[in-house]
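Colleague: This is the structure, below, for whatever I ask next.
Numbering (this note's numbering), first residue to last: 455 to 1159.
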């Protein structure tokens, strides 16, 4: 009996007690995440960003419905989204994050619960990554590391973007601490941890926000250079080459693992309005930027883009660390200054220099978003500041150190939760996702045809719920040829990068019923009267007029060849009276039967895009295009069956490469477990190489001038 008790006590002392602090830290992160999202976790149907104008309700909700429904009904993933923007490749759409593993929690939960779990999980995950980064790489004790974790996961900029519905930004920046941690570990022990860095890179790419993934990659590259310099100074050229090889192999592994999304994304981007000349005009003068660093009030317009402050309490702790431990933390301060120079945009000479070096760096919207990298560094400084504070408390009252540490964590958490109040924009998600009378009426009238909404009155989420296809829509990536076509069909003109179809509305804008009909638009809705005689008003709902398009050509139709026998120009199109019957009209597969008495072109009212293949009576046939957007297949006299199937080679090739990456990652992880650790001569990320130690006093001297 005594032996049993002794064994139990030994087990408790050796196994359970060391884990209690870890469990307590994780519980603290969960409590903070819950407080940030109040009252959503406790009230049904409440959700952050539950507003009609948020990205969550405009885009994310609709793609989640499509993924959930397709998998439940057909046990596969949808590759084509036909419900807005005329149709577009879902596998290539970053906002869908189709190949990001957490996305597939949607198969097990209701949509509201799915997004609540997804958001809360990523907030906690961001905090946990920062906790490990601060404790393992920087060497902070538990409570200062917890302060760093809370400072990052609850930073006002992140919560403001969450309130705007930028789910993929939250998903992507949650990986920043993990990228830094994995980079640090890989430089120290490449054979053991390189696979982890590759996996973190891949999941950052797959999380759904290319801009933030790009910034995360820059952060990792900068940290890697710093760590390699340390490695070289302390352990020599051979150790340097081993670490460089490990980082390079991890980068290749990350690209391989994410290839299933990256290849379709590259294909889509090259054919979207994004490929047009885009140069950001963002400019943040230094005085206003410094004011925003301490001003916690949200700016009008787009408050999330102007939210710079990390919170006054966090900033105070970071400044304390910079003053007390300058020789240790100057690399962090230098990193913050460099990132600030980039966040200033065109107001900064440093930014103008960098855009000449880095590819496509100036083609992003919201240049200040790179400030998230600085927020990682500021959170680490806050942890170091907390350590300094507790060290001085320990001198005065040794037994009060733990209490002071807990109070500091509580003060930081409360200050950030209070600062973030209102930023999450919590509301009833049913109000903004339940289809309106207008959406239901238009969907019923349209049938299998498309709806063109002149003022975008029908939300995309409603269209997907009702399985109604919109000819209009919003997305950061839209097929450029379709956007150009819809300018003519919609009666408006725009240039450059466009996110909306239509891009604007005015009394002078008059849609062309014939051109809309060629894209199978059967219903047009508008808040103002339209004058085209082929648009016949059939109803009114929610103050919006509903028109039936009598010029609707259907999902497919036959037209005469042009004068030279090639596909006709838009102005030359002459439809034949021969009937085309639709057999199936699935999102990524359409089948038709038809007969023709003369040579003709069989035209499909679906935007042309790589990956669509045509089979005429079971045999592959060439696809030509009318106006660069309407697929056209030349046929002779006879009766035919036409199958039009979306099976993109980019997804197939990407899948094969990702499978190869998975096998390599698995082999690397197994081999890494067998590798005997050989720790580097320095464990802390902030240890300064001898060659660089002389720089710190000079930098401090300059900063005090």
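Every residue, glycine too, gets a C-beta built ideally from N, C-alpha and C.
Secondary structure at residue 882, three-state DSSP: helix, strand or coil?
Modeller: Walking along the chain shown from the start, residue 882 turns up at place 428. Note: residue 882 maps to strand in three-state DSSP.
Colleague: First and last residue of the beta strand (DSSP E) that includes residue 1001?
Modeller: The residue labelled residue 1001 in the question sits at position 547 within the chain shown. Residues 998-1003.
Colleague: Can you grab the Cα-Cα spacing for the pair residue 888 / residue 666, in whole Å?
Modeller: Within the chain shown, numbered from 1, the residue matching residue 888 stands at position 434. Within the chain shown, numbered from 1, the residue matching residue 666 stands at position 212. Approximately 31 angstroms between the Cα atoms of the pair.
Colleague: Any contact between the region 865-879 and the region 608-621? By contact I mean 3 or more CB pairs, one from each, below 8 angstroms.
Modeller: yes
Colleague: Residues in its own chain within less than 6 angstroms of residue 465 by CB, not counting five upstream and five downstream?
Modeller: Along the chain shown, one-based indexing puts residue 465 at 11. Note that residue 465 has pLDDT 45, beneath the 50 cutoff, so the model's placement of it is unreliable and the number below is only indicative. For residue 465, where only same-chain residues beyond five positions count, there are no Cβ hits under 6 angstroms.
Colleague: Do you know offhand how far residue 651's Cα is from residue 678's?
Modeller: The residue you call residue 651 lines up with position 197 of the chain shown. The residue you call residue 678 lines up with position 224 of the chain shown. So the alpha carbons of these two residues sit roughly 11 angstroms apart.
Colleague: In or out: residue 883 buried (at least 16 other Cβ within 10 Å) or exposed?
Modeller: Against the chain shown, residue 883 aligns to sequence position 429. Looking at its Cβ environment, which holds 16 or more other Cβ atoms inside 10 Å, residue 883 is buried.
Colleague: May I ask you to report which of helix, strand or coil DSSP gives residue 497?
Modeller: Within the chain shown, numbered from 1, the residue matching residue 497 stands at position 43. Residue state, collapsed to three classes: coil.
Colleague: Measuring CB to CB, does residue 944 end up less than 8 angstroms from residue 956?
Modeller: Indexing the chain shown from 1 puts residue 944 at position 490. Indexing the chain shown from 1 puts residue 956 at position 502. Yes, Cβ-Cβ distance for residue 944 and residue 956 is below 8 angstroms.
Colleague: Going by the CB atoms, is the gap between residue 1032 and residue 1058 shorter than 8 angstroms?
Modeller: Numbered from its first residue, the chain shown carries residue 1058 at position 604. Numbered from its first residue, the chain shown carries residue 1032 at position 578. No, the pair does not count as a contact, with Cβ atoms beyond the cut-off.
Colleague: Report yes or no: do three or more beta-carbon pairs, one from the region 575-589 and one from the region 537-551, lie closer than 8 angstroms?
Modeller: no
Colleague: In three-state DSSP terms, what is residue 598?
Modeller: Taking the chain shown and counting its residues from 1, one reaches residue 598 at position 144. In this structure, residue 598 counts as helix in the three-state DSSP scheme.
Colleague: Under the assumption that residue 983 contacts residue 999 (Cβ atoms under 8 angstroms), give the Cβ distance between them as a whole number of angstroms.
Modeller: Sequence index remark: in the chain shown, residue 983 carries index 529 (1-based). Sequence index remark: in the chain shown, residue 999 carries index 545 (1-based). Rounded, the Cβ-Cβ distance is 6 angstroms, consistent with contact.
Colleague: How is residue 1065 classed by DSSP in three states: helix, strand or coil?
Modeller: Counting from 1 along the chain shown, the entry for residue 1065 is found at position 611. Here residue 1065 sits in coil by DSSP.
Colleague: Taking the straight line between their C-alpha atoms, what separation do you get for residue 738 and residue 762?
Modeller: For the purposes of this step, residue 738 is identified with residue 284 of the chain shown, where counting begins at 1. For the purposes of this step, residue 762 is identified with residue 308 of the chain shown, where counting begins at 1. Each residue's Cα considered, the two are about 11 angstroms apart.
Colleague: From the DSSP output, which residues share a beta bridge with residue 1096?
Modeller: For this step, residue 1096 is matched to residue 642 along the chain shown. The partner list for residue 1096 (beta bridge, DSSP) reads 1046 and 1070.
Colleague: Measure the alpha-carbon distance for residue 660 versus residue 649 and round it to whole angstroms.
Modeller: Translated into positions along the chain shown, residue 660 becomes position 206. Translated into positions along the chain shown, residue 649 becomes position 195. Taking the straight line from one Cα to the other gives about 16 angstroms.
Colleague: Roughly how many angstroms separate the alpha carbons of residue 611 and residue 486, rounded to a whole number?
Modeller: Against the chain shown, residue 611 aligns to sequence position 157. Against the chain shown, residue 486 aligns to sequence position 32. About 16 angstroms.
Colleague: Which residue spans inside the region 917-996 form an unbroken beta strand (DSSP E) run of at least 3?
Modeller: 975-980 and 989-995
Colleague: For the alpha helix (DSSP H) containing residue 1085, name the first residue and the last one.
Modeller: The count along the chain shown starts at 1 and reaches residue 1085 at position 631. Counting along the chain, residue 1085 falls outside any alpha helix (DSSP H), though it belongs to the beta strand (DSSP E) covering 1084-1089.
Colleague: Taking its Cβ as the centre, do 16 or more other Cβ atoms sit within 10 Å of residue 1110, making it buried, or is it exposed?
Modeller: Indexing the chain shown from 1 puts residue 1110 at position 656. Exposed, because fewer than 16 other Cβ atoms sit within 10 Å of the Cβ of residue 1110.
Colleague: So for residue 437, helix, strand or coil by DSSP?
Modeller: With the chain represented from 455 up to 1159, any question about residue 437 goes unanswered, as that position is not in the structure.
Colleague: Is it buried or exposed, residue 974, if we count other Cβ atoms within 10 angstroms and call 16 or more buried?
Modeller: For the purposes of this step, residue 974 is taken as residue 520 along the chain shown, with counting starting at 1. So residue 974 counts as buried.
Colleague: Name the residue from 842, 929, 1065 and 849 whose alpha carbon lies nearest to the alpha carbon of residue 508.
Modeller: Residue 508 sits at position 54 when you count from the first residue of the chain shown. Considering only alpha carbons, the answer is 929.
Colleague: Can at least three beta-carbon pairs, one atom from the region 1103-1122 and one from the region 713-723, be found at a separation below 8 angstroms?
Modeller: yes
Colleague: Give the DSSP-derived three-state secondary structure of residue 736 in the structure shown.
Modeller: In the chain shown, counting from the first residue as 1, residue 736 sits at position 282. Three-state result, residue 736: coil.
Colleague: Would you say the region 1047-1065 touches the region 931-951, given that touching needs at least three Cβ pairs under 8 angstroms?
Modeller: Yes: at least three Cβ pairs fall under 8 angstroms.
Colleague: Looking only at its own chain, which residues have a Cβ that is under 6 angstroms from the Cβ of residue 908, when we skip the five neighbours before and after it?
Modeller: By one-based count along the chain shown, residue 908 stands at place 454. Correct list, in chain order: 959 and 980.
Colleague: Under 8 angstroms by Cβ, that's how I've got residue 593 and residue 626 pegged, so tell me the actual separation to the nearest angstrom.
Modeller: What you label residue 593 is simply residue 139 of the chain shown in a count that begins at 1. What you label residue 626 is simply residue 172 of the chain shown in a count that begins at 1. Between residue 626 and residue 593 the Cβ distance is about 27 angstroms, and since that is not below 8 angstroms, they are no contact.
Colleague: So for residue 1056, helix, strand or coil by DSSP?
Modeller: Translated into the one-based positions of the chain shown, residue 1056 becomes position 602. Reduced to three states, the DSSP call for residue 1056 is strand.
Colleague: By DSSP, does residue 866 sit in helix, in strand, or in coil?
Modeller: Start at 1 with the first residue of the chain shown, and residue 866 comes out as number 412. Note: residue 866 maps to helix in three-state DSSP.
Colleague: Would residue 640 and residue 700 qualify as a contact pair, given that the criterion is a beta-carbon distance under 8 angstroms?
Modeller: Counting from 1 along the chain shown, the entry for residue 640 is found at position 186. Counting from 1 along the chain shown, the entry for residue 700 is found at position 246. Their beta carbons are under 8 angstroms apart, which means residue 640 touches residue 700 by this criterion.
Colleague: Can you name the start and end residues of the alpha helix (DSSP H) that residue 549 belongs to?
Modeller: Locating residue 549 in the chain shown gives position 95, counting from the first residue. It is not in any alpha helix (DSSP H) - residue 549 carries neither H nor E in the DSSP assignment.
Colleague: Give the DSSP bridge partners of residue 905, in chain order.
Modeller: In the chain shown, the residue the question calls residue 905 occupies position 451. The partner list for residue 905 (beta bridge, DSSP) reads 924 and 977.
Colleague: Roughly how many angstroms separate the alpha carbons of residue 1162 and residue 862, rounded to a whole number?
Modeller: No statement about residue 1162 is possible, as the shown extent of the chain runs from 455 to 1159 and does not include it.
Colleague: Can you tell which of 770, 743 and 525 has the C-alpha that lies nearest to the C-alpha of residue 793?
Modeller: Taking the chain shown and counting its residues from 1, the one referred to as residue 793 is at position 339. Measuring from the Cα of residue 793, the nearest candidate turns out to be 743.
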